[in-house]
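The UniProt record's numbering numbers the first residue of the sequence shown as 1 and each following residue consecutively.
The structure appears right after this line, and notes come after that.
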Amino acid sequence: MGEMTLPDGQARPARRHGMGDPGATGRFGEYGGRYVPESLVPACAEVEAAFRDAWADPEFRGRLKTLLTVYAGRPTPLTPAWRLSEELGITLLLKREDLTHTGSHKINNVIGQALLARRMGKRRLLAETGAGQHGVATATAAALLGLEATVFMGAQDIERQSLNVLRMEVLGARVVPVTSGSRTLKDACNEAMRHWVSSVADSYYCIGSVMGPHPYPWMVREFQRVIGEEARGQCAAELPGGVPDYVVACIGGGSNAAGTFAGFVDTTARLVGVEAEGGAAATFGRAGVLHGFRSMVLQDDDGQVTEAHSIAAGLDYPGIGPEHAHLRDTARARYVVVDDEEVVEALHRLARTEGILAALESAHALAWVLRAARSGEIKPGSTVMMTLSGRGDKDLPTLKEAR
Ligand SMILES: Cc1ncc(COP(=O)(O)O)c(C=O)c1O
1 MGEMTLPDGQ ARPARRHGMG DPGATGRFGE YGGRYVPESL VPACAEVEAA
51 FRDAWADPEF RGRLKTLLTV YAGRPTPLTP AWRLSEELGI TLLLKREDLT
101 HTGSHKINNV IGQALLARRM GKRRLLAETG AGQHGVATAT AAALLGLEAT
151 VFMGAQDIER QSLNVLRMEV LGARVVPVTS GSRTLKDACN EAMRHWVSSV
201 ADSYYCIGSV MGPHPYPWMV REFQRVIGEE ARGQCAAELP GGVPDYVVAC
251 IGGGSNAAGT FAGFVDTTAR LVGVEAEGGA AATFGRAGVL HGFRSMVLQD
301 DDGQVTEAHS IAAGLDYPGI GPEHAHLRDT ARARYVVVDD EEVVEALHRL
351 ARTEGILAAL ESAHALAWVL RAARSGEIKP GSTVMMTLSG RGDKDLPTLK
401 EAR
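Okay, here's the thing in structure tokens:
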């Protein structure tokens, strides 16, 4: 890959942000790496070796593709948001991850990791969850492949995502409430890691986003790459120019965005990641180490990690995947912030104009599109491809409260 010219006229070497293999160190620029207790270093190395081997094995790839197709419902459609596009004066295309089995993009990653766990001879999946979508996906994949599942979830998230807790339990998973700290995703991650240390022989830690120690940020992005690759092909068929002007996705840890961006990083599309105001690590964070990796992290003056707050449980995380921090530093992607009020408005707008009930997480991406189109930042006539990462059924109790 040589030089490329972005729409803002700046030429940058595509190689620097090709979203490729970060190599043995797992570094994306100054971010990433493997900051774990001594006892977990061999476990991470074992996962890396197993993933490299599996990813190079056509049989593994074929098995994954088959399950994503006949079980998870891929490829997902690219739906034009007809009425909203007309209202905004742009062409808005929605990548419909909400239509996958279990209702969010999390299933893409989890089927990949569950297949890997089986290949490694593990009998149990450990997972953390915020909104519960990753937990539901893990419980689902565990049931499908005959594995046990233990899911760590903050006590506050258990309250606001009670439907997903029930779903996990019906699927046969054990949900472990985490009552420390803010009782949300950050604390659930701590607990899951702690548990992994003590059960590494028979357990596989199935991380739900592009975070954690190497190889997870890279591996999860590769399992989510399917979103971007499908969308790229669908845009080529749908748009006269083949490539949209903007590619937009919401960011918690950043997995749906990383998978989406991976399909467009070598094009002229502007990549935009949308963070929740109260969890905007790319925007308000500083470099630091969290949950085994170095990235942008929300922290106070003493370097203590601060709590994230968002109406969307899946975005309530004080860090961002290390590759996003690098994409930000190299200016290949831009990270913007929306607040809870705009998000609820966006969710209702989409429901009423298109008949689609989006997850609160996904509504963050739309909230920025609405704001930027209305302000003229996205120029009339522009084309926008937005990943709709999940469906909003799980958020109905929160919406009821917000009324
Ligand atoms: C529907 C949905 N979208 C987005 C996210 C955020 O995760 P990520 O940034 O890894 O895509 C979540 C997390 O739970 C989610 O449930």
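Every residue gets a Cβ at the ideal spot worked out from N, C-alpha and C, and that includes glycine.
Source: prediction; values computed, not measured.
Can you look up residue i in the DSSP assignment and give me helix, strand or coil?
i                 : result
arginine 12       : Residue placement at arginine 12 is poorly supported in this model, since its pLDDT is 40, which falls under 50; the coordinates still yield a value, given next. Strand, per DSSP.
glycine 32        : strand
methionine 219    : helix
proline 397       : helix
phenylalanine 293 : strand
threonine 100     : coil
valine 136        : helix
valine 272        : strand
alanine 141       : helix
arginine 183      : coil
valine 178        : strand
leucine 92        : strand
glycine 18        : coil
methionine 1      : Any answer about methionine 1 is weak, because its pLDDT of 30 lies below 50 and its placement is not dependable; what the coordinates show is given next. Here methionine 1 sits in coil by DSSP.
proline 7         : Residue placement at proline 7 is poorly supported in this model, since its pLDDT is 42, which falls under 50; the coordinates are not used for a value here.
arginine 403      : coil
residue 480       : Outside the shown range of the chain (1 to 403) lies residue 480, about which nothing can therefore be said.
glycine 212       : coil
glycine 228       : helix
glycine 242       : coil
From which residue to which residue does the alpha helix (DSSP H) around residue i run?
i                : result
serine 162       : 162–170
phenylalanine 51 : 41–55
valine 70        : 58–70
aspartate 329    : 322–329
threonine 260    : 255–262
Can we count residue i as close to ligand 1, meaning its CB is less than 6 Å from some heavy atom?
i              : result
glutamate 361  : yes
alanine 24     : no
alanine 131    : yes
isoleucine 158 : no
serine 255     : yes
serine 182     : no
serine 162     : no
glycine 390    : yes
glycine 212    : no
serine 104     : yes
serine 39      : no
glycine 112    : no
isoleucine 378 : no
For residue i versus residue j, is the C-beta distance shorter than 7 Å?
i              : j              : result
leucine 315    : glycine 285    : no
leucine 126    : serine 203     : yes
leucine 93     : methionine 296 : no
valine 210     : alanine 43     : no
glycine 135    : threonine 129  : yes
glutamate 342  : alanine 312    : no
isoleucine 207 : glycine 254    : no
leucine 366    : alanine 346    : yes
At what residues does the beta strand (DSSP E) containing residue i begin and finish?
i             : result
arginine 118  : It is not in any beta strand (DSSP E) - arginine 118 instead sits in the alpha helix (DSSP H) that spans 106–119.
glutamate 307 : No beta strand (DSSP E) holds glutamate 307; DSSP gives it neither H nor E.
valine 247    : 246–251
In the DSSP output, what is residue i paired with across the bridge?
i              : result
cysteine 206   : BP columns for cysteine 206 are empty, so no partner.
tyrosine 335   : Gly273
alanine 127    : Val151
proline 80     : Leu93
arginine 286   : Val297
methionine 385 : Leu93, Val247
alanine 358    : Arg391
glycine 319    : Val297
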